[in-house]
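Student: Please find one structure pasted underneath; my questions will follow.
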Amino acid sequence: MRGSIQKKTLNNGTLRWYAVYDRPQPMDDSGSRRRRQKWEAAPPPNTKKAAERLLAERLSQIHRNEFTEPKQILFRDYVDLWIKNYARGQVAQSTLSLYDSIFRNHLIPAFGGIQLAGITAEATQALSSEKLADGLAPQTVKHILRLMKQMLDQAVEWDYLRHNPTKKVRFPKIPRHEMDFLTPDEVRAFFSSVPKNRYAFYVTAIMTGLRVGEIIAMKWANIDWRRRTYSVRESFTRRRSGVAGGFSAPKTEDSAANVHLSVACLRTLKDHRAVQAQQKLKMGAEYEDNDLIFATDHGRPLDHKNRGARQFHADLKAAGLRRIRFHDLRHTCAALLIDQGESAKFIQRQLRHTSIQTTMDRYGHLLPEHGREAMSRLDERLFGAAQPRDLTAV
11 MRGSIQKKTL
21 NNGTLRWYAV
31 YDRPQPMDDS
41 GSRRRRQKWE
51 AAPPPNTKKA
61 AERLLAERLS
71 QIHRNEFTEP
81 KQILFRDYVD
91 LWIKNYARGQ
101 VAQSTLSLYD
111 SIFRNHLIPA
121 FGGIQLAGIT
131 AEATQALSSE
141 KLADGLAPQT
151 VKHILRLMKQ
161 MLDQAVEWDY
171 LRHNPTKKVR
181 FPKIPRHEMD
191 FLTPDEVRAF
201 FSSVPKNRYA
211 FYVTAIMTGL
221 RVGEIIAMKW
231 ANIDWRRRTY
241 SVRESFTRRR
251 SGVAGGFSAP
261 KTEDSAANVH
271 LSVACLRTLK
281 DHRAVQAQQK
291 LKMGAEYEDN
301 DLIFATDHGR
311 PLDHKNRGAR
321 QFHADLKAAG
331 LRRIRFHDLR
341 HTCAALLIDQ
351 GESAKFIQRQ
361 LRHTSIQTTM
371 DRYGHLLPEH
381 GREAMSRLDE
391 RLFGAAQPRD
401 LTAV
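Position in the sequence shown (from 1) plus 10 gives the number in this note's numbering.
Structure, rendered in structure tokens:
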């Protein structure tokens with residue numbers, strides 16, 4: 011069986027390369043096979059060489075009787091299938107709720123009635139541009155495209171697609187937030203100003219580098235008082251855009267790890283536990299004991315936005331400090347550790363970064379430069395007496 015390479019110019023002027031071959035057909039009643047030609051677009055990047063490779067692969071499959079047509083399914087039906095047979099049980103409930111919001115508000119309105127095999131890279135890239143033009147945050151658009159790519163990767167595995175058309179779709183550029191952090195003097199000023207009922211919360215944030223959701227989810231049972239560590243096992247996600255919030259496991263294995271607690275931090279938490287015990291007695295049966303370290307007067311989880319934004323910004327202002335994000339307290343922890351000379355490896359473990367490269371990318375510019383001192387020590391080790399530092403004297 012033979013085939014050919016053909017090219018076409020689409021209505022928008024784009025040149026597309028195709029592998030053209032005869033698809034195998036079942037025999038009719040007379041015992042003959044009717045020819046049925048198929049044009050299959052080369053996978054991204056759509057080039058003549060890609061079309062040639064595709065043609066060779068298809069002809070080989072036909073020769074070995076391994077050729078199969080991709081299964082037909084509408085995008086909206088594939089979404090239901092993917093959630094049922096793949097996503098459910100693989101990801102946290104909060105993530106499933108987020109996926110559901112993306113499907114309902116973005117992907118199904120765009121592709122719901124289209125055959126899965128009819129979705130193109132151009133259409134997906136156009137959706138990205140449209141959402142950005144509508145004012146959606148680049149990070150949100152990136153989540154949409156990433157979910158689309160993940161789904162279609164699985165569609166290839168399940169023989170609904172021969173290749174994933176979204177592999178070459180470009181994610182939008184995410185603007186980097188300027189990192190800010192408090193100096194030791196600013197931290198002391200902040201601690202001396204904040205209300206007593208929030209003091210332990212802020213001390214824990216700055217001394218551990220935990221994220222706000224992880225602090226809200228902290229439980230007394232996860233503190234090892236002897237080893238002076240806290241085991242991060244859960245995070246609290248706030249409700250947003252119709253997506254249910256709640257407790258969930260950390261996103262990565264590295265996030266679910268122990269962090270070190272200082273003696274001062276442990277003493278602060280011990281004092282806070284005594285105050286909380288008095289609150290439990292006061293509320294009696296009305297108190298919901300969820301073992302939360304930081305909770306409302308009724309024992310329920312704190313409001314994510316209230317504690318992490320509104321109250322925090324008000325407390326900064328009361329202390330006479332500039333407005334920063336709550337997440338910058340995590341940067342403050344890193345900056346303080348760097349300033350006192352702790353190793354990058356320890357900082358990586360304390361902040362639970364996946365790799366030390368992540369730590370260096372974010373905080374490498376804060377590390378002190380010791381180049382000249384290091385080379386002077388190397389001179390002395392190899393050549394004996396300290397070498398003159400004034401080059402004009404050499």
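Each residue gets a CB set at the ideal place from its N, CA and C atoms; glycine is no exception.
(1) In the stretch 203 to 278, which residue ranges form an unbroken beta strand (DSSP E) of at least 3 residues, counting only runs that do not cross its ends?
(2) Pull up the distance between the alpha-carbon of Leu157 and that of Ser245, whole angstroms please.
(3) Using the C-alpha atoms, what's the distance from Leu291 back to Phe181?
(4) Would you call the stretch 207 to 226 and the stretch 166 to 181 touching, i.e. three or more CB-CB distances under 8 Å?
(5) Using beta-carbon positions only, say whether Lys159 and Val151 come within less than 8 Å of one another.
(6) On the premise that Arg12 lies in contact with Arg33, defined as a C-beta separation below 8 Å, what is that separation, rounded to the nearest angstrom?
(7) Just reading off the alpha helix (DSSP H) that Thr24 is part of, what are its end residues?
(8) Can the beta-carbon of Thr218 be found less than 8 Å from the beta-carbon of Leu271?
(9) Measure from the alpha carbon of Ile334 to the alpha carbon of each residue in Lys315, Phe322, Thr57 and Gln358, then state which is nearest.
(10) Identify the continuous alpha helix (DSSP H) that holds Ala143 and give its terminal residues.
(11) Using three-state DSSP, classify Glu298 as helix, strand or coil.
(12) In this structure, does DSSP put Val404 in helix, strand or coil?
(13) Could you check the C-alpha separation between Glu132 and Pro80 for me, to the nearest Å?
(14) Going by other Cβ atoms of all chains shown within 10 Å of its Cβ, with 16 needed for buried, is Gly394 buried or exposed?
(15) So with Cβ pairs under 8 Å, would you call Leu84 a contact of chain D?
(16) For Asp325, collect the residues of the same chain with a Cβ closer than 6 Å to its Cβ; drop the 5 residues on either side in sequence, then sort them by chain order.
(17) From which residue to which residue does the alpha helix (DSSP H) around Gln164 run?
(18) What residues in its chain sit with their C-beta under 7 Å from that of Ile366, if we drop five residues either side in the sequence?
(19) Could you check where the beta strand (DSSP E) with Gln47 kicks off and where it finishes?
(20) Give the range of the alpha helix (DSSP H) segment to which Ser365 is assigned.
(21) With three or more beta-carbon pairs closer than 8 Å as the criterion, would you say the stretch 304 to 318 touches the stretch 226 to 246?
(22) Give the straight-line distance between the Cα atoms of Phe191 and Leu361, rounded to the nearest whole angstrom.
(23) Take Lys48 and list the residues in its own chain whose beta-carbon comes closer than 8 Å to its own, dropping the five residues that flank it on each side.
(24) Where Gln149 and Ala305 are concerned, what is the direct C-alpha to C-alpha distance, given to the nearest angstrom?
(25) DSSP beta-bridge partners for Tyr31?
(26) Nearest-angstrom Cα distance between Thr369 and Ser104?
(27) CB Pro175 to CB Thr134, shorter than 8 Å?
(28) For Tyr28, collect the residues of the same chain with a Cβ closer than 8 Å to its Cβ; drop the 5 residues on either side in sequence, then sort them by chain order.
(29) Just curious, the alpha helix (DSSP H) that Tyr88 is in, first and last residue?
(30) Rounded to whole angstroms, what's the CA-CA distance from Leu69 to Ala127? Just pull it up for me.
(31) Confirm, please, whether the CB-CB distance from Ile112 to Ile154 is below 8 Å.
(32) How would you call Val179, buried or exposed, if buried means at least 16 neighbouring beta carbons within 10 angstroms?
(33) Between Gly252 and Asn115, what straight-line distance do the alpha-carbon atoms span, to the nearest angstrom?
(34) Quick one: Cα of Ser258 to Cα of Leu220, how far?
(35) What are the boundary residues of the alpha helix (DSSP H) that Ser104 is part of?
(36) Determine the direct distance from the alpha carbon of Gly374 to that of Ser241, and round the result to whole angstroms.
Tutor: Concretely, from the data shown:
(1) 239 to 241, 245 to 247, 256 to 258 and 268 to 270
(2) 22 Å
(3) Distance between the alpha carbons of Phe181 and Leu291: 53 Å.
(4) no
(5) With a cutoff of 8 Å on beta-carbon distance, Lys159 and Val151 are scored as not near each other.
(6) So it is not a contact: roughly 13 Å between Cβ atoms.
(7) No alpha helix (DSSP H) holds Thr24; DSSP gives it neither H nor E.
(8) Leu271 is positioned such that its CB atom lies closer than 8 Å to that of Thr218.
(9) Phe322
(10) Ala131 to Ala143
(11) coil
(12) Note that Val404 scores 45 on pLDDT, short of 50, meaning its location in the model is unreliable and no value can be drawn from it.
(13) 21 Å
(14) Exposed is the call here.
(15) In the structure shown, chain D cannot be found, because there is only a single protein chain.
(16) Val204
(17) Pro148 to Glu167
(18) Ala354, Lys355 and Gln358
(19) Gln47 to Ala51
(20) Segment: none, Ser365 is in no alpha helix (DSSP H) and carries neither H nor E.
(21) Verdict: yes, contact present.
(22) 15 Å
(23) Val30, Tyr31, Asp32 and Arg33, listed in sequence order.
(24) 30 Å
(25) Gly13 and Lys48
(26) 27 Å
(27) yes
(28) Ile15, Gln16, Lys17, Lys18, Trp49, Glu50, Ala51, Ala52 and Ala61
(29) Phe85 to Trp92
(30) Cα to Cα, the separation comes out at about 21 Å.
(31) Yes.
(32) Label assigned to Val179: buried.
(33) Per-residue confidence for Gly252 stands at a pLDDT of 46, beneath the threshold of 50, marking its modelled position as unreliable; the derived number appears in the next sentence. Going from the Cα of Gly252 to the Cα of Asn115 covers about 11 Å.
(34) 15 Å
(35) Gln103 to Ile112
(36) 27 Å
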